[in-house]
Each structure stands twice: as structure tokens, then as C-alpha cells.
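One structure is given here, and the rest of the page talks about it.
There are 4 protein chains.
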Amino acid sequence: MSAPKKVVLAYSGGLDTSIILKWLQTEYGCEVVTFTADLGQGEELEPARAKAEMLGIKPENIYIEDVREDFVANYVFPMFRANAVYEGLYLLGTSIARPLISKRLVEIAEATGADAVAHGATGKGNDQVRFELAAYALNPRIKVIAPWREWDLSSRTKLLEFAEQHQIPIAKNKRGEAPFSVDANLLHTSSEGRVLEDPGVMSPDYVYQRTDDPVTAPDEPEYIEIGFEKGDAVSINGEALSPATILTRLNELGKTHGIGRLDFVENRFVGMKSRGIYETPGGTILLEAHRGIEQITLDSGSGHLKDSIMPRYAELIYNGFWFSPEREALQALIDKTQEYVTGTVKLMLYKGAARTVARWSDYSLYSEAHVTFEDDAGAYDQKDAAGFINLNALRLKLIATRNAKVK
Amino acid sequence: MSAPKKVVLAYSGGLDTSIILKWLQTEYGCEVVTFTADLGQGEELEPARAKAEMLGIKPENIYIEDVREDFVANYVFPMFRANAVYEGLYLLGTSIARPLISKRLVEIAEATGADAVAHGATGKGNDQVRFELAAYALNPRIKVIAPWREWDLSSRTKLLEFAEQHQIPIAKNKRGEAPFSVDANLLHTSSEGRVLEDPGVMSPDYVYQRTDDPVTAPDEPEYIEIGFEKGDAVSINGEALSPATILTRLNELGKTHGIGRLDFVENRFVGMKSRGIYETPGGTILLEAHRGIEQITLDSGSGHLKDSIMPRYAELIYNGFWFSPEREALQALIDKTQEYVTGTVKLMLYKGAARTVARWSDYSLYSEAHVTFEDDAGAYDQKDAAGFINLNALRLKLIATRNAKVK
Amino acid sequence: MSAPKKVVLAYSGGLDTSIILKWLQTEYGCEVVTFTADLGQGEELEPARAKAEMLGIKPENIYIEDVREDFVANYVFPMFRANAVYEGLYLLGTSIARPLISKRLVEIAEATGADAVAHGATGKGNDQVRFELAAYALNPRIKVIAPWREWDLSSRTKLLEFAEQHQIPIAKNKRGEAPFSVDANLLHTSSEGRVLEDPGVMSPDYVYQRTDDPVTAPDEPEYIEIGFEKGDAVSINGEALSPATILTRLNELGKTHGIGRLDFVENRFVGMKSRGIYETPGGTILLEAHRGIEQITLDSGSGHLKDSIMPRYAELIYNGFWFSPEREALQALIDKTQEYVTGTVKLMLYKGAARTVARWSDYSLYSEAHVTFEDDAGAYDQKDAAGFINLNALRLKLIATRNAKVK
Amino acid sequence: MSAPKKVVLAYSGGLDTSIILKWLQTEYGCEVVTFTADLGQGEELEPARAKAEMLGIKPENIYIEDVREDFVANYVFPMFRANAVYEGLYLLGTSIARPLISKRLVEIAEATGADAVAHGATGKGNDQVRFELAAYALNPRIKVIAPWREWDLSSRTKLLEFAEQHQIPIAKNKRGEAPFSVDANLLHTSSEGRVLEDPGVMSPDYVYQRTDDPVTAPDEPEYIEIGFEKGDAVSINGEALSPATILTRLNELGKTHGIGRLDFVENRFVGMKSRGIYETPGGTILLEAHRGIEQITLDSGSGHLKDSIMPRYAELIYNGFWFSPEREALQALIDKTQEYVTGTVKLMLYKGAARTVARWSDYSLYSEAHVTFEDDAGAYDQKDAAGFINLNALRLKLIATRNAKVK
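Residue numbers (UniProt numbering), protein chains in the order written: chain X, 1 to 407; chain A, 1 to 407; chain G, 1 to 407; chain Y, 1 to 407.
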């Protein structure tokens with residue numbers, strides 16, 4: 001790979017990406033464009049502008065954007081239509097944010113004539129894969145620079161030396177090593193590393209930043225109603241809201257009630273196991289609610305089909321294949337099933353859990369006339385069940401007869 | 001089907017199966033053998049003996065058995081190895097008990113020379129299917145009598161008239177219609193029908209019988225440790241216990257902390273949707289713990305494979321195909337993956353939820369040496385990731401190049 | 001089910017459906033509408049009109065339609081996009097025709113004010129299921145009459161007596177029992193029953209009606225080129241043709257070269273095994289060609305995904321669930337993958353087989369620059385493979401290390 | 001990776017692996033052990049011994065083994081139990097041989113105290129992945145040397161120079177570049193590269209080495225019978241034969257009749273498409289026969305399950321994951337289904353194709369009593385079908401009713 005001439009960097013404004021910024025300038029002598037996105041991580045973005053300028057980035061090369069609505073509408077919600085969880089439990093909060101960032105990096109590269117993009121993910125994790133697969137899928141000629149895989153700043157000491165040497169300001173609380181590493185966006189906060197590295201040791205309480213402790217959460221349950229249209233949440237307690245606003249509100253509710261904590265050991269795409277603490281307050285409520293509305297509006301054929309392909313869909317997102325033909329084909333399937341997933345779910349929020357307690361819909365497939373224990377006025381002929389069972393049993397009888405004969 | 005001569009009836013001792021007993025005698029003039037099983041439903045069995053005798057059953061035709069260990073060891077535990085849930089949430093508590101009952105019915109029929117078995121399930125539900133498919137799979141020549149599909153006792157009034165006419169004692173509290181229908185065993189209690197028939201109306205509190213209300217559950221979390229061997233729970237807090245004892249203890253713990261409540265609308269095999277309230281206190285803890293131990297002992301290849309076939313496995317159990325070649329083939333796959341699923345999980349029980357907080361194992365695949373944020377002493381070469389990503393990206397680049405060319 | 005007042009009958013003009021027509025009139029005293037479709041079965045339709053009139057059907061109640069283009073464009077081609085085969089080998093020729101017939105029956109019922117439809121399939125086969133599921137899916141209030149399951153004309157003798165009694169003309173060659181039963185349409189001819197009922201006995205030569213014997217087929221191979229657009233065949237040897245015309249031409253080519261014979265034992269949906277002789281001359285060529293064009297235009301992610309869901313898709317069609325949400329969701333997935341399946345395949349037709357021998361496309365993903373054994377000018381860096389393998393191996397090494405430790 | 005001290009090389013005795021042998025000696029100064037296996041590739045092995053000795057390998061370091069029975073019994077047959085084909089058509093002939101070679105390389109390394117193994121696969125193909133994943137899975141501490149990824153002998157000229165420089169004899173016909181590259185074993189011969197690199201150009205006739213041209217094959221069909229036990233072929237025409245003998249005989253038969261040619265473009269694991277000509281004469285017959293015997297002995301539940309996981313199983317083998325927990329778990333499933341796959345298949349071999357024409361078994365599930373068009377003496381009650389259909393339709397009716405209401 002020839003040296004890059006102009007690089008678009010995913011820039012947070014923090015110490016690490018500031019070091020990367022400077023390293024790109026010094027290592028490659030290249031022009032740097034910064035992209036700082038508000039994905040709902042809960043940090044001010046404007047300080048990143050000042051810092052980028054201080055590090056010599058031209059004003060026209062500083063991109064700062066609020067992408068929260070794009071994030072929720074075009075990434076989070078499509079994924080939630082699938083009830084996607086990775087390895088049974090993880091709601092893919094980090095995985096789903098990476099493709100959006102790469103998409104904007106590539107678009108900005110094309111707009112600014114840059115030939116490369118750069119990210120601050122390490123060589124051990126999944127995020128490097130997600131950033132790079134997305135970038136290459138969107139622009140097969142783009143170069144991707146992953147400084148953590150290239151440089152020799154392999155210890156905290158070397159990083160700080162590099163920062164000092166290049167006049168990068170170091171906040172006092174960044175001198176020492178953080179006790180764990182954090183990623184956050186509107187969907188979740190993840191924590192991993194250092195104090196969390198032994199999965200046999202309980203996580204310290206101070207790791208949790210996004211949710212209140214269930215033990216100190218309110219002693220009274222709170223009930224809410226979430227409205228859905230075609231599989232996407234559109235309202236809370238009857239109030240129509242934009243996608244990002246809905247997720248923000250659900251995050252607040254989830255935080256209050258201590259909902260969405262997960263202590264998890266997962267299999268990374270790069271081959272090792274890793275332990276993370278995930279907090280997904282709003283997403284956990286949303287998943288429960290989406291399942292609740294599907295219960296009455298989705299037929300079993302579609303539902304079982306969705307369930308059977310979900311693990312593969314979740315694995316694709318986890319592994320970084322959001323922008324792949326197979327994810328898009330699966331999405332076509334999933335979206336097709338959501339045509340009538342419209343209605344309202346009532347949930348109880350209490351001490352760490354969200355539970356569906358009622359659901360209704362004009363699109364409901366639930367037929368009290370059929371299921372009732374009372375007289376069903378002929379809606380269902382119980383005698384049909386005998387034929388149904390007999391033909392389902394025919395194969396089993398033939399097997400049993402054969403097995404008895406040959407044994 | 002010719003008339004049965006001798007029938008083994010799944011007999012609870014309650015009013016409904018007593019009516020069936022008498023109806024079999026009067027309708028077919030046949031000898032009746034009763035089978036009453038302790039599956040952990042929490043009822044005394046001996047009253048069933050007296051009642052059967054009173055209804056004219058010969059002592060040698062009364063079978064009363066404690067099958068709890070068989071139930072947990074050979075049905076519940078194999079199913080939990082798969083992390084089986086139906087439609088995302090239901091732990092299959094009713095489904096998994098039916099095959100065992102049918103197996104004993106058929107065995108007793110063979111032992112007593114009976115040519116038929118009978119059950120008390122209605123023609124609208126899944127249980128008839130489960131009872132009958134299991135019976136036919138085990139003995140293709142057996143007859144199965146399902147009185148609810150045959151007789152004309154189609155209302156409570158008619159049933160009570162029949163009972164009075166045949167001197168079947170009616171407990172006072174059985175005169176009126178029960179507000180909902182209940183099934184229970186060591187794994188769960190289900191409630192459905194009548195007051196629960198509108199899924200848009202919250203379930204009344206009095207429906208819950210097996211778990212305390214999370215709101216009144218203890219204000220302090222309780223921590224327990226569950227030991228596993230080859231995928232099955234073998235100990236609680238270091239104490240080795242039999243399968244049924246483990247589930248019993250977990251049920252007590254789950255009850256206390258209000259764990260395992262589920263308000264659910266599901267798709268029945270017979271084609272309609274149905275709403276049920278499920279309480280699975282111990283099973284909910286067990287599922288969480290099993291996932292926890294798999295997190296460190298199961299590799300991603302086996303784990304993702306299991307996840308992908310789980311919905312089909314769960315559907316087979318739900319639909320009544322426990323005794324089918326395909327369920328057995330899937331079980332062979334699942335059991336093969338459990339060879340090293342051995343170790344200990346620590347869980348927090350609190351206010352309705354069980355959460356894994358730590359896990360350890362001599363069989364762990366978790367490698368702190370590889371994953372650490374610290375110096376890994378060469379365990380992992382970050383440069384490998386570049387090649388890994390490049391080859392995973394090659395296909396995506398070729399696609400992007402093609403698409404750009406033809407668009 | 002109350003008695004039907006007006007019935008639309010799938011009417012071939014043959015003896016059996018004429019008997020059904022008369023039986024409907026006499027049994028139910030109802031008005032009958034006939035629907036006779038040209039699906040490419042190779043029979044004249046106009047005699048059916050005369051016969052229907054003779055049996056008392058009003059002219060305005062006689063529907064005769066050429067549905068071949070609809071059949072190929074909207075049923076056969078979508079199915080071939082999936083490379084659908086049932087149980088590894090069967091191209092679903094009968095299964096795919098039934099939904100179309102039911103759709104027209106229901107539409108004609110709605111147009112003529114009929115409250116029922118009727119078909120001539122027996123109670124043992126799959127076709128009854130396919131006709132009826134399709135009808136109910138399209139009109140949940142329609143009645144379906146299946147005379148073979150209702151009447152007592154259970155022998156050839158009784159049928160002929162009924163025909164004579166009602167002045168239904170009996171062709172001389174219909175007096176005796178046919179040696180096997182046949183179904184045909186533009187996609188295939190199936191033969192089953194009687195002389196074919198022992199799967200251990202070779203089929204007699206005279207069963208084959210649609211394909212020449214490979215042994216007497218031309219001694220020289222013939223080469224053809226099939227053009228595809230978005231997964232559908234659009235031309236033969238450069239000549240653009242309509243869907244039905246393409247299939248007709250391929251049938252002629254396949255017939256000449258003895259292509260598409262299959263001696264098969266399959267599992268019916270109703271639970272028994274059945275042996276059939278299938279002849280699918282054009283379809284067999286088409287399947288091979290479609291696979292050939294996908295080889296260069298479809299990426300592995302989409303391709304493997306399609307392959308993995310194909311058995312379920314084929315099973316749905318076989319079982320009669322064409323008009324189901326899950327088939328439509330799978331179709332959405334499949335169609336999404338076909339966006340670039342455009343190009344040309346060259347095939348060799350010879351003595352019973354069609355083989356792809358070359359394929360090319362403007363949409364090809366094949367990159368000679370990457371794959372070449374010659375100097376690839378840096379298109380591919382072989383060193384990437386080391387990292388790719390190392391990370392794919394990491395998991396396996398950790399497993400091996402663990403297993404060695406605990407054994 | 002530190003330099004290897006002693007290397008076990010997969011050695012064919014040909015020019016390329018002789019160059020590798022010498023390169024290992026000169027590059028690393030290490031001791032070399034050669035392993036030459038008879039996998040049925042049809043070459044004499046003893047010349048490899050002389051050549052190895054000439055290149056300075058100690059006699060005790062030369063391993064020459066006939067592994068054909070091991071290959072067929074423990075690799076080919078288990079794979080055929082699954083009816084495994086990659087991307088619809090490829091019988092995995094190369095893929096399945098690699099794990100066995102790696103296993104012996106690792107075992108010999110352990111026996112001789114070698115710390116590394118080496119193979120002659122290039123950095124572009126799948127074989128490097130297969131060799132290395134297998135080796136690492138069996139011995140996580142082994143080093144694997146892949147000279148083609150390491151050295152700079154990047155052209156034919158350089159290779160020949162190296163050979164001459166190191167006194168490696170060069171057969172006259174090896175001076176020029178071969179027109180294509182070949183791999184062979186008892187299951188198949190593959191050809192790829194150079195003259196085959198344009199998939200739009202027909203393969204020259206001279207590429208085919210393992211099968212006669214169908215056009216010149218015998219004009220008369222030949223009929224054979226293959227006996228199976230538990231899914232494996234055990235006899236031909238009634239003669240019990242060892243696994244390798246059976247495959248050898250089937251290869252002879254297939255060769256004569258021109259069976260098993262495949263012109264294919266596939267997706268390599270490393271991300272590019274590749275065109276190969278495969279000849280699998282015996283394997284093609286065996287696959288057809290295995291499907292034939294499963295048709296009557298395997299029930300639909302097991303069969304459909306097998307079909308649905310087959311693509312994943314085939315992909316695992318193709319990608320080199322034979323020695324992985326997930327392949328072994330899938331194998332457990334597959335083997336479980338083969339318990340009764342015992343019986344005999346009759347096939348017609350003719351002009352390029354093998355077709356099942358009859359099959360019989362003591363373990364047959366085919367019931368003429370049930371399927372017959374004649375009177376079935378009550379084996380099957382056609383009225384059952386009405387109930388079966390009604391309950392399968394119930395869901396579809398509820399959907400149709402809902403959709404009509406909301407549209």
C-alpha cells in the first residue's frame with residue numbers, strides 16, 4: 001500500500017485520537033480531515049473542533065455532525081426488527097454503530113478528495129474489522145489506516161511521551177491508565193478490559209455508568225406504552241416521536257429502573273473470548289416491546305423463519321458485514337415480515353427488567369373466537385384435530401413399525 | 001378405529017379426569033387402568049388412589065409413580081443443554097412433560113395388556129398433539145382416546161350433570177367455573193383461558209401461584225453458585241444434588257425472588273394464537289446459568305451452530321415431536337457440544353431476574369493472555385488482523401467494483 | 001360446512017372431472033362453473049367446452065384460459081431463482097402449478113358469486129393440500145369441495161357405473177384402469193401409481209412420455225446459450241423470448257436429448273413415501289444454467305445464504321404454502337440476491353444431461369487478475385493469507401490447548 | 001515465529017516439493033522429514049524415496065504410507081453420509097484429503113520430535129487454509145511453513161534456477177510451464193489455472209484425465225447394484241468390499257461411462273472466485289446411490305434436517321474446518337440419521353450420468369399398503385386429510401382475514 005496523501009480520521013477529540021491525528025501527520029506527512037460524530041455518546045462535540053484546529057487541521061477539514069436520527073432510523077431500528085441478539089444475549093450496541101461511521105468517513109473522503117480513512121481501533125478487537133469491511137464495501141479503492149496495528153506506541157508511557165513531544169494537551173485524569181475501556185452511543189455503553197479481564201471476578205459497581213443500580217431503583221413499577229408501525233417504535237405513551245427521541249426517552253426510563261445491564265463473555269470474530277459489561281437501557285426495553293407486538297401481529301410461519309435466521313443475521317452485524325449482500329438479503333426478508341407489525345405494547349419497568357404485560361393491535365392475528373375456552377360458535381371444529389394428528393403421526397408410526405421389525 | 005378393550009388413562013384424581021374415567025367405562029364398557037404421576041406439580045397423589053378405587057378401578061390397575069428424577073434428568077436437562085426457548089421467550093414447561101407421560105402410558109399399556117391410552121387434553125390445544133404423537137411414535141398400534149374430542153359434554157353444566165349422574169364427588173370449589181386453566185410440573189406452572197383471554201388486558205395478580213411478586217420480593221440480592229458438568233447442573237453452592245433436587249431448590253430460590261414470570265402470546269401448532277402466563281422460577285435461573293457457563297467453555301463454532309438450530313429444536317418439542325428421529329439427531333448434535341461445558345456460574349437473584357455475574361472453569365477457553373489490554377507477551381500478533389481483514393474484504397471489494405461498473 | 005350453492009370446479013374435460021361435475025350437481029344440487037386451464041399440459045382445451053356444455057354448464061359459466069405465460073413468469077421463474085429442489089432432486093413440477101389453479105378458481109368464484117371451489121385430487125396426496133391451502137389463503141371464507149374424500153365411488157367399477165348412470169361419455173381407452181397416473185404441465189410430467197408402486201422394480205420404458213430415451217438420443221452433443229437477466233432466462237441462442245416460449249423451447253431441446261428423467265421416492269406432506277417418475281426436460285436445463293450464471297455473478301455470502309434456506313423454501317412449495325407469508329419473505333430474500341444475476345451460459349446437451357461448459361457476464365465477480373497463476377501485478381498479497389489463517393486458527397488452537405489440558 | 005529446527009514436509013517427490021525440501025534445508029538449515037502418502041492419486045511412491053534420499057534425507061526420516069483405506073473410511077464416507085456438495089455441485093474431492101495429510105504430518109512431527117510441518121500450497125488457494133487449520137487444531141504449538149508465501153521464487157524461471165543451482169533433477173517435461181495445475185486422490189482429480197482461467201471459454205478436451213469422454217463412452221447402459229450399511233457403501237453387485245476398494249471400482253465404472261465431470265466456478269474461502277474442472281467418477285455414482293437408499297430408509301424429518309444443515313457442513317469442509325467442534329457436532333447429527341440407511345440401490349450408468357432406477361431394503365419406510373392407488377384395506381383414512389388441511393389452513397385463514405380487514 002502506497003502512503004496516503006489525505007486521510008479522513010474518525011476523531012473523538014480525546015487523547016488517543018489526537019495522538020493518532022498527529023501521528024498521521026508526522027508518519028505520512030499527509031493532510032488530515034477529521035470527522036466527529038454525535039452518535040449519542042453523551043459528549044460535547046465542539047471541543048473537538050477547537051482541538052482539531054489546535055492540532056493544525058484546516059477549518060474546512062473539520063466535520064462535526066449529529067447523526068443520531070440516521071443512526072437510529074437506518075441502523076438500530078432495522079436491526080431491532082430482527083430481534084437480533086448475538087450469542088443469545090448481546091444487543092450489538094457497538095457493532096451497529098461502526099458501519100455508519102465508516103459510511104460517513106468514506107463519503108467525506110470522496111467529498112474532500114482524500115484517498116484514505118483512519119480509525120482508532122486496536123488490532124485485537126472486532127471494531128477494526130467492522131470499520132474496514134464497511135469502508136472497503138463502500139469504496140474498494142479506499143485505503144484504511146489502523147495506527148494501532150502499525151505504530152510502536154505499544155505502552156501508555158510511549159503514548160504519553162509522543163503526546164508531550166507533539167504538544168498534545170493531556171487532561172490530568174488521562175495521565176493514569178483508565179481502569180477499563182469504554183465505548184458509548186445512543187444504543188449502549190460497553191466497558192471492557194483491565195479490571196474486567198477475569199470473568200470469574202464480579203464487576204465492580206463503578207463500571208456501570210449508564211444505568212442506575214436495580215437495587216436503588218424506584219420501589220414502584222412504572223408502566224409505559226410503546227406504539228409500533230411496521231416493526232418500528234413510533235410513540236411512547238401515545239406521543240409520536242422521532243426514532244432518536246424514542247430511544248433517548250427509553251434510555252432515560254431504562255436508566256431510572258436499572259434496565260439493560262449485561263455481564264457477558266463473547267466470542268470475538270478474531271478468534272478469542274472477551275468479557276464485557278454492556279448497558280443497553282432503552283434497547284432492552286425496545287427488544288422486549290418488539291417481541292410483544294410481534295406476538296399478536298406476526299404469524300408463526302414468518303416468526304419461526306425470522307427466529308431461525310436471526311443468529312446468522314446477528315453474527316453478520318457483529319462480524320462487520322452490515323454492508324454485505326447477504327445482510328441486505330436477510331434484511332429484505334425481515335422487512336417483508338414487518339408489514340403488519342403495528343400496534344401497542346404495555347410494559348412494566350421495575351428493578352432491572354422490562355416485561356410485556358399487555359398488547360393490542362388493529363392488525364392482530366389473535367382470535368379470541370378460536371381460542372376461547374367458552375363456546376366458540378363453530379369457529380373451530382375439534383374433530384379436525386384428530387385428522388391433523390393422525391397425518392402428523394403417520395410418519396412416526398411407519399418409523400416405529402420399521403424399527404420394531406429390524407431390531 | 002374399533003372400540004378399545006382396556007385403556008390406560010392419565011389420571012390426576014381431579015374432577016375432569018374422573019369424569020373421563022367414568023365416561024370411558026360407560027361409553028366403551030372397557031377396563032380402565034389409571035396412571036398418576038408426580039411430576040412435581042405439587043399435589044398429593046394418594047388421594048388419586050382412593051378416588052380411582054371408588055370409581056371401580058382394580059388395585060392392580062392403579063399406577064402411581066414419582067417420576068421427578070426421570071423428568072428432570074432425561075427431559076428437562078437435555079432440553080436445557082440446547083438453551084431451548086420457543087418463540088424467543090417460552091421455556092417449554094408444559095411441552096416437555098407430555099412425552100414422559102405418554103411413554104409411561106404406553107409402557108403400562110404394554111405391561112397390562114391394554115390396547116389404548118387416554119388423556120384429558122382438549123381438541124384445541126397442543127397437548128393432545130404431544131400426547132398422541134409420543135404415544136404413536138412409541139407404539140404404532142396403540143389406540144389413543146381423546147374424550148374431549150369425542151363426547152358431547154361441551155359445557156360445564158353438562159359435565160357436572162354427568163358427574164352427578166355417575167356419583168363422582170364434586171368438590172365445592174369445583175362447582176363454579178375456574179377463572180383460568182392451570183398446568184403444573186416441576187419445571188413450571190402455566191395459566192391460560194377465561195380471564196386471560198384478552199391479551200390486551202393485564203393479567204390479574206391472583207393468577208400467579210408459583211412465584212412471589214417481584215415488588216414484594218426481598219430488597220437484597222441473593223448470590224448463588226451453580227456447578228455444571230457436561231452441560232447439566234450438578235450442584236448449588238458447592239453441594240452436589242440430584243437433578244430433581246437441583247430444580248426443586250432453584251424453584252424455591254426463584255419463587256422467593258419473583259423470578260420467571262412470563263406473559264406471553266404464542267402460536268399453537270394447531271394454528272391459532274393463545275395467551276398464557278408462565279411461571280418457570282428454577283428454569284429461568286437454570287437457563288441464565290447454562291448460558292453463563294457456555295460463555296467460557298463453548299467455542300464460537302459450536303455455539304453459533306447450536307444457536308442456529310435451537311429454534312427448530314424448540315419447535316419440535318413444542319409441536320410434540322420429542323420422540324422423533326429429527327429431535328434425536330439434533331440432540332446428538334447438542335450433546336456433542338456439551339462435552340466440556342463444565343464449571344461454575346455465580347448469579348445474582350433479585351426482584352424478578354437472575355443475572356450471571358461471574359463464571360469460572362477448568363475447561364475455560366477464555367484466554368486472558370490473548371485478550372488483555374496489557375502487554376500480551378506475543379500471544380497475539382496484531383499484524384495478523386490486517387491479513388484477516390484484507391481477505392474477508394476481498395469479496396466485498398470485488399462486489400463494490402462490479403456494482404460501480406454496471407450502475 | 002353448509003352445502004355449497006355455486007361451485008367453481010377445476011375441470012380438465014376428462015372422465016374423472018366430468019364425474020365430479022355431475023356428482024356436484026346431483027349431490028349438492030348446486031350450480032357448477034368450470035375452469036379449464038392451459039398450463040402447457042399438451043391437451044386441447046376446446047373439447048372441454050363442448051363436454052361441459054353437454055353436462056349442462058351454462059356458457060357463461062365455462063372458463064377456458066391459456067395461463068402459460070402467467071405460470072412461467074410468476075411461479076416457475078421465481079422458484080428457479082432459488083435453485084429449488086425437494087429432497088435433493090425433485091424440481092417441484094406439480095407443486096408449483098397448484099397455487100396458480102387455486103388462485104384462478106378463487107378469483108372466478110369471486111367474479112361469479114360462487115361460494116365454493118372443487119378439485120379432483122385424492123385424499124392421499126399432496127395436491128389436495130396445495131389446492132386447499134392456496135384457496136383458503138386467498139379467500140378465508142371460501143368452501144373447498146374435495147369429492148374424492150367425500151363420495152363412496154371408491155372403485156373403478158363404481159365410477160364407471162356412476163358415469164353411465166349420468167350419461168357421461170366414456171372413451172374406450174378409459175374403460176380399463178390406466179397402468180399409472182399422470183400429471184402434466186409446461187414444467188413437467190409426473191407418473192405414479194400402480195405399475196410404479198414397487199420402488200424396487202425398474203420403471204417400464206413406456207412410462208416416459210415427455211422425454212426421448214437417452215440411449216436413442218442423438219449421438220452428437222448440442223450446444224446452446226441461455227441468456228439471463230436478474231435471475232430469469234430471457235433468451236436462447238441470442239433470441240429474446242417470452243418466459244413460456246423459453247420453457248417450451250427448452251422442453252423441446254430436453255426431450256430430444258433425453259434430459260430430465262428422475263426415478264424418485266419422496267416424502268409426502270401427508271406422511272407416507274411415494275414413488276414417482278418425473279420428466280422435467282426444460283426445467284433440468286434451466287436449473288443447470290441458472291446455477292452456471294450464478295457461479296460468476298453471485299457472491300459467496302448471498303450464495304451460501306440462498307443454499308442454506310433453499311431446502312425450507314422447497315419444502316414450503318412442496319407442502320402447499322406458496323401463498324404464505326414465510327414463502328413470500330423467503331422470496332424477498334431470494335429476489336434480492338438476483339439483482340446482478342445477468343449474463344449468458346453455454347451448455348452441452350447430450351444423452352440425458354445438460355452441463356454448463358462456459359459462462360460470461362458484464363456483471364461477473366470473477367477476477368482473473370486475482371486468481372491467476374501468473375503474476376497478478378499486486379492484485380493479491382499472499383502474505384495476507386498468513387494473518388487470515390492465524391486468526392481463523394486462533395480459536396482452534398485455544399480449543400486444542402484446553403482439550404490437552406483437561407484430558 | 002522462531003526458525004524451525006526440524007520440519008515434516010508433505011512431499012510428493014515431484015519438482016515443486018523437491019524445491020521446497022531443498023529450500024527448507026537452505027533457508028532454515030533445518031532437518032527435513034518427508035511424508036509421502038498414497039491417497040489414490042495414481043502415482044508410484046517409491047521414486048519419492050529415492051529422490052528424498054538423493055536430496056539428503058535420512059532413511060529414518062522418510063515416511064511413505066498407503067492411507068487409502070483410512071482416507072475413504074474416515075473422511076470420504078462420513079462426508080458422503082451428508083450428501084455434501086459445495087455450492088450445489090462440487091463434491092469436495094480436494095478439500096476432504098487435506099485434513100488427513102495434516103493429521104499424519106502432525107503425528108509424524110510428534111513421533112520424530114519435529115517442531116514444524118510444511119506444505120506446498122500457494123498463498124492464493126484454499127489448500128493452505130485447510131492444511132494449516134487442521135495442523136493447528138491437532139497441535140496448537142506446531143509451526144507451519146508455507147514456502148510459497150515466504151520465498152521470492154515467484155516465477156517459473158526462478159524456480160528452475162533454484163533447482164539447477166541445488167542439483168535437483170528436472171524432468172524434461174517439467175521445463176515448460178504445465179498448461180494447468182492438477183490435484184488428484186482416490187476421490188477426484190481437479191484441474192485449474194492457465195488454460196482454464198477464462199470461465200467463458202470451454203475447457204480443452206485434454207484437461208480431462210480421469211474420465212472418458214461421454215461421447216465415446218459405451219453405447220449401452222450398464223446396471224450395477226450398490227449395497228449400503230448405516231449410510232456407507234459396503235458392496236458392489238453383491239460382493240462385499242473394503243471402502244477403498246469400493247471407491248476404486250466405482251472410479252473404474254465411472255471412468256468408463258464418462259461420469260463425474262464438472263466445469264465449475266466456485267467461491268474460495270480467501271475471497272476470490274476460481275474456475276476448476278473436477279472429475280469425480282466414483283464419488284458421483286456414490287452420491288446418487290446414497291441419495292437413492294436414503295429415499296426409502298430415511299424419514300422426512302431426518303432427511304429435511306440433514307438437507308438444511310448440509311450447506312453449512314460442506315462449507316466447513318471446504319473452508320478447512322474438518323477438525324473443528326462444529327464439524328464434529330454436525331457429524332454426530334448426520335451419523336445419528338444413518339442408523340437405518342441400509343439396503344441396496346440399482347443404478348444405470350450411461351454416457352456421463354448415473355441414475356437410480358430401483359432400491360430396496362429390509363429397513364424401508366416405504367409402505368405400499370398406505371400409498372397404493374388400489375384399496376388400502378383401511379391403512380389410511382382419507383377423511384383425516386380434511387382435518388389435517390383445516391388446521392394447517394387455520395393460520396392462513398386468520399392472516400387473510402386480518403389482511404382483508406386492514407387493507
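We treat Cβ as the ideally placed atom computed from N, Cα and C, and that holds for glycine.
In the three-state reduction of the DSSP assignment, ALA184 of chain X falls in the strand class.
Chain Y has no Cβ within less than 8 Å of the Cβ of ARG175 of chain G. By the Cβ criterion, the segment 137 to 155 of chain Y is not in contact with the segment 176 to 184 of chain Y, since fewer than three pairs of Cβ atoms, one from each stretch, lie closer than 8 Å. Residue nearest to LEU55 of chain Y within the set Y:ILE20, Y:VAL76 and Y:ASN74 is Y:ILE20 (criterion: CA-CA distance). Look at the beta carbons and you see the segment 307 to 314 of chain G touching the segment 74 to 89 of chain G: at least three pairs across the two are nearer than 8 Å. Neighbourhood of ASP299 of chain X in chain Y, by CB distance below 7 Å: ARG395 and ILE399, in chain order.
Those residues of the segment 357 to 379 of chain X placed with their C-beta closer than 9 Å to a C-beta in chain Y are ASP362, TYR363, SER364, LEU365, TYR366, SER367 and HIS370, ordered along the chain. The residues ARG210, THR211, ASP212 and PRO281, in chain order, have a CB closer than 7 Å to that of LYS255 of chain G in the same chain once the five nearest residues on each side in sequence are set aside. Rounded to whole angstroms, the gap between the alpha carbons of GLU31 of chain A and ALA109 of chain A is 12 Å. The shortest CA-to-CA distance from SER367 of chain Y to any of G:LEU330, G:GLY200, G:TYR63 and G:VAL207 is the one to G:GLY200. DSSP places GLU229 of chain A inside the beta strand (DSSP E), whose first and last residues are 222 to 229.
In chain order, PRO59 and ILE62 place their CB closer than 8 Å to the CB of GLU53 of chain A, counting only its own chain and leaving out the 5 sequence neighbours on each side.
For ALA358 of chain Y, the number of other beta carbons within 10 angstroms of its own is at least 16, and it is reported as buried. For TYR318 of chain X, the secondary structure class from DSSP, reduced to helix, strand or coil, is helix. Counting C-beta atoms within 10 angstroms of its own C-beta, THR189 of chain A has 16 or more neighbours from the protein chains shown and is therefore classed as buried. For ALA404 of chain A and GLY193 of chain Y, the gap between their C-alpha atoms comes out near 28 Å. ASP219 of chain A counts as exposed, since fewer than 16 other C-beta atoms from the protein chains shown sit within 10 angstroms of its C-beta.
The beta carbons of GLY13 of chain G and LYS51 of chain G sit closer together than 8 Å. SER364 of chain Y counts as buried, since at least 16 other C-beta atoms from the protein chains shown sit within 10 angstroms of its C-beta. Residues are counted here when their Cβ sits less than 8 Å from a Cβ of chain A; for the segment 243 to 260 of chain X the count is zero. In this chain, the beta strand (DSSP E) harbouring ILE145 of chain Y covers 143 to 145. Taking 4 residues as the shortest admissible run, the segment 140 to 174 of chain A contains the following complete alpha helix (DSSP H) segments, listed from N- to C-terminal end: 147 to 150 and 156 to 165. Contact of LEU133 of chain G with chain Y by beta-carbon distance below 9 Å involves ILE389, ASN392, ALA393 and LEU396. Closest in C-alpha terms to ILE64 of chain A, from the list A:MET79, A:GLY343 and A:ALA48, comes A:ALA48. Here the alpha carbon of VAL195 of chain Y sits roughly 41 Å from the alpha carbon of ALA118 of chain X. Rounded to the nearest angstrom, the gap between the Cα atoms of LEU330 of chain G and LYS22 of chain Y is 55 Å. Judged by their CB atoms, ASP16 of chain G and ASP38 of chain G are not nearer to each other than the 8 Å cut-off. Comparing C-alpha distances from ARG275 of chain G to each of Y:ALA369, Y:TYR318, Y:LEU92 and Y:ARG327 shows the shortest one belongs to Y:ALA369. When C-beta atoms of the segment 289 to 300 of chain X are compared with those of the segment 261 to 278 of chain A, three or more pairs fall below 8 Å, so the two segments count as touching.
If you compare the alpha carbons of A:VAL406, A:TRP148, A:ASP384 and A:GLY227 with that of GLU239 of chain A, the shortest gap goes to A:GLY227.
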